[in-house]
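Read through the structure below, which is laid out as structure tokens, and then see the notes.
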Amino acid sequence: MAEPLAGRRVLVTRPEHQAENLCRLLRARGAEPWPCPMLRLAPLPPPSPAWWQGYDWLIFVSANAVRFARDAGLPARIAAKVAAIGRATAAALEKSRLTVACQAPPPYTSESLLTLPVWDEIGGRRVLIVRGRGGRPELGQALARRGAEVACAELYRRLPPAPESVTRLHEGLAAGLDAVLVSSGEVLANLIAAAGARLRELPLVAPSERVAAQARQAGFEDVTVAASALDEVMVAALQRRLTE
-19 MAEPLAGRRV
-9 LVTRPEHQAE
1 NLCRLLRARG
11 AEPWPCPMLR
21 LAPLPPPSPA
31 WWQGYDWLIF
41 VSANAVRFAR
51 DAGLPARIAA
61 KVAAIGRATA
71 AALEKSRLTV
81 ACQAPPPYTS
91 ESLLTLPVWD
101 EIGGRRVLIV
111 RGRGGRPELG
121 QALARRGAEV
131 ACAELYRRLP
141 PAPESVTRLH
151 EGLAAGLDAV
161 LVSSGEVLAN
171 LIAAAGARLR
181 ELPLVAPSER
191 VAAQARQAGF
201 EDVTVAASAL
211 DEVMVAALQR
221 RLTE
């Protein structure tokens, strides 16, 4: 059977700890992944030793939030209910043996999470949003308007790519790239800062319409929106684009 992505060199921009499975899926389809982490993550100290206690809901905004929460001592059994925004986040929670009581419907955004009836009765409840430093404020603001007592646990910070990643990016451009996979708006911004116009003619796969809009605004014309940030979903979207 022919490999659908045979001979295609694909730029993988996920943080290093998240890239292995994505590269494996690409190789299985004949592609040559070109891993080039465009974002580094570093832990921040939690707000308190048992930072998750005393809340009715914990909302996780990303799979990275789950990872750093577990590193910060979050146990598998907690009193609070747990909500996830994206499918990758829900999968990370389930892998950590945390029960997901609520997940955002498509397109898996903060805005779509808020359409669920459970958040119409959140007045007087304590909600903790688990995220990285400088995350989007809209979710917390919306819950506060509905009467919730909202706090944030910022458990990690984002750092620009390492110099060797930027060097490898330019090596990939010199060798010839066929497509780009981006996993977040921060990754895209770092990618543009590192390479700018040299990437804009390549097909780009984004994990959400928000990131896709950011790419188009930056000058990318060939943008495909995957249904989620899950590795297999991103690869399927890439395959459709390159074999259509």
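Numbering (the numbering used here), first residue to last: -19 to 224. Using N, Cα and C, we set each Cβ at its ideal position, and we do this for glycine too.
Exercise for the section: Excluding the 5 residues preceding and the 5 following residue -10 in the sequence, name in chain order all residues of the same chain whose CB lies nearer than 8 Å to its CB. Expected result: As a position in the sequence shown, residue -10 is number 10, starting the count at 1. So the list reads 6, 11, 12, 13, 14, 157, 158, 159, 160, 161 and 218, once near-sequence residues are dropped.
Exercise for the section: Compute the beta-carbon to beta-carbon distance between residue 21 and residue 138, rounded to the nearest angstrom, for a pair I have assumed lies under 8 Å. Expected result: As a working mapping, residue 21 is identified with position 41 in the sequence shown. As a working mapping, residue 138 is identified with position 158 in the sequence shown. With a Cβ gap of about 6 Å, residue 21 and residue 138 count as contacting.
Handout entry: Whole-Å CB distance - residue 81 paired with residue 92, under 8 Å assumed
Key = As a first step, residue 81 is located in the sequence shown; it is residue number 101 there, counting from the start. As a first step, residue 92 is located in the sequence shown; it is residue number 112 there, counting from the start. Contact doesn't hold; Cβ gap of about 16 Å is too wide.
Handout entry: Neighbourhood of residue 172 by C-beta distance below 8 Å, restricted to the same chain and skipping five residues each side
Key = On the sequence shown, residue 172 is found 192 positions in, with the first residue counted as 1. If we look at residue 172 and ignore the five residues flanking it on each side, its Cβ neighbours are 179 and 198.
Practice task
Work out the CA separation of residue 50 and residue 70 for me, nearest whole Å.
Solution key: Translated into the one-based positions of the sequence shown, residue 70 becomes position 90. Translated into the one-based positions of the sequence shown, residue 50 becomes position 70. Near 14 Å, if we compare the C-alpha coordinates of residue 50 and residue 70.
Problem - Assumed close pair residue 170, residue 141 - CB separation to whole angstroms, cut-off 8 Å - result: Within the sequence shown, the letter at position 190 stands for residue 170. Within the sequence shown, the letter at position 161 stands for residue 141. Residue 170 to residue 141, Cβ: 6 Å. Contact.
Handout entry: Residues sharing a beta bridge with residue 109, DSSP
Key = As a first step, residue 109 must be located in the sequence shown, where it is residue number 129. Residue 109 pairs with 39 and 132.
Handout entry: Candidates 133, 174, 117 and 214, of which the one nearest residue 110 by Cα
Key = Here residue 110 corresponds to residue number 130 of the sequence shown, with the count starting at 1. Nearest of 133, 174, 117 and 214 to residue 110, Cα basis: 133.
Problem - beta strand (DSSP E) segment containing residue 143, residue limits - result: By 1-based counting over the sequence shown, the position of residue 143 is 163. Per DSSP, residue 143 belongs to no beta strand (DSSP E); it is in the alpha helix (DSSP H), 143 to 155.
Exercise for the section: Could you name the residues of the same chain whose beta carbon sits closer than 8 Å to that of residue 115, not counting the 5 residues immediately before and after it, in chain order? Expected result: Here residue 115 corresponds to residue number 135 of the sequence shown, with the count starting at 1. Correct list, in chain order: 41, 109, 132 and 134.
Handout entry: Pairwise C-alpha distance: residue 0 and residue 32
Key = Residue mapping note: residue 32 aligns to position 52 of the sequence shown, counting from 1. Residue mapping note: residue 0 aligns to position 20 of the sequence shown, counting from 1. Each residue's alpha carbon lies about 30 Å from the other.
Exercise for the section: In angstroms with no decimal places, state the Cα-to-Cα distance between residue 125 and residue 117. Expected result: Looking up residue 125 in the sequence shown gives position 145. Looking up residue 117 in the sequence shown gives position 137. Whole-angstrom Cα-Cα distance: 12 Å.
Practice task
Report, in whole angstroms, the separation of the C-beta atoms of residue 88 and residue 66, which I expect to be a contact under 8 Å.
Solution key: Along the sequence shown, one-based indexing puts residue 88 at 108. Along the sequence shown, one-based indexing puts residue 66 at 86. Right, their Cβ atoms sit about 4 Å apart.
Handout entry: Residue from 8, 2 and 3 whose Cα sits closest to the Cα of residue -17
Key = Counting from 1 along the sequence shown, the entry for residue -17 is found at position 3. The residue with the shortest Cα to Cα distance from residue -17 is 8.
Handout entry: Cα-Cα separation, residue 106 to residue 95
Key = Locating residue 106 in the sequence shown gives position 126, where the first residue counts as 1. Locating residue 95 in the sequence shown gives position 115, where the first residue counts as 1. Going by the C-alpha atoms only, they are around 19 Å apart.
Problem - Nearest neighbour of residue 79, chosen from 64, 152 and 28 [CA to CA] - result: Within the sequence shown, residue 79 is the residue found at index 99, counting from 1. Nearest option by C-alpha distance: 64.
Exercise for the section: Could you give the DSSP three-state label for residue 196: helix, strand or coil? Expected result: For this step, residue 196 is matched to residue 216 along the sequence shown. Residue state, collapsed to three classes: helix.
Exercise for the section: Out of 48, 113, 206 and 58, state which residue places its alpha-carbon closest to the alpha-carbon of residue 86. Expected result: Residue 86 sits at position 106 when you count from the first residue of the sequence shown. The shortest C-alpha separation from residue 86 is found at 206.
Problem - Span of the beta strand (DSSP E), counted from its first residue to its last, around residue 266 - result: Lying outside -19 to 224, the shown extent of the chain, residue 266 is not represented and no answer is given.
Exercise for the section: Compute the Euclidean distance between the alpha carbons of residue 121 and residue 2, then round it to the nearest angstrom. Expected result: Here residue 121 refers to the residue found at position 141 when the sequence shown is read from its first residue. Here residue 2 refers to the residue found at position 22 when the sequence shown is read from its first residue. Near 34 Å, if we compare the C-alpha coordinates of residue 2 and residue 121.
Problem - Close Cβ partners of residue 208 (< 7 Å) along its chain, the five nearest in sequence each way excluded - result: Numbered from 1 along the sequence shown, position 228 holds the residue referred to as residue 208. Excluding sequence neighbours, residue 208 sits near 66, 67, 68, 88 and 187.
Exercise for the section: Report yes if the C-beta distance between residue 56 and residue 28 is below 8 Å; otherwise report no. Expected result: Residue numbering aside, residue 56 sits at position 76 when the sequence shown is read from its first letter. Residue numbering aside, residue 28 sits at position 48 when the sequence shown is read from its first letter. No, the pair does not count as a contact, with Cβ atoms beyond the cut-off.
Practice task
Note the first and the last residue of the continuous alpha helix (DSSP H) segment covering residue 4.
Solution key: On the sequence shown, position 24 is the one that residue 4 refers to. Residue 4 -> alpha helix (DSSP H) spans -4 to 8.
Exercise for the section: Between the Cα of residue 212 and those of 59, 102 and 163, spot the shortest distance and give me the residue it belongs to. Expected result: Counting from 1 along the sequence shown, the entry for residue 212 is found at position 232. Residue 212 has its Cα closest to that of 163, out of 59, 102 and 163.
Exercise for the section: Could you pull the start and end residues of the alpha helix (DSSP H) that residue 68 belongs to? Expected result: Working through the sequence shown from its first residue, we reach residue 68 at position 88. Run containing residue 68: 67 to 75, per the alpha helix (DSSP H) assignment.
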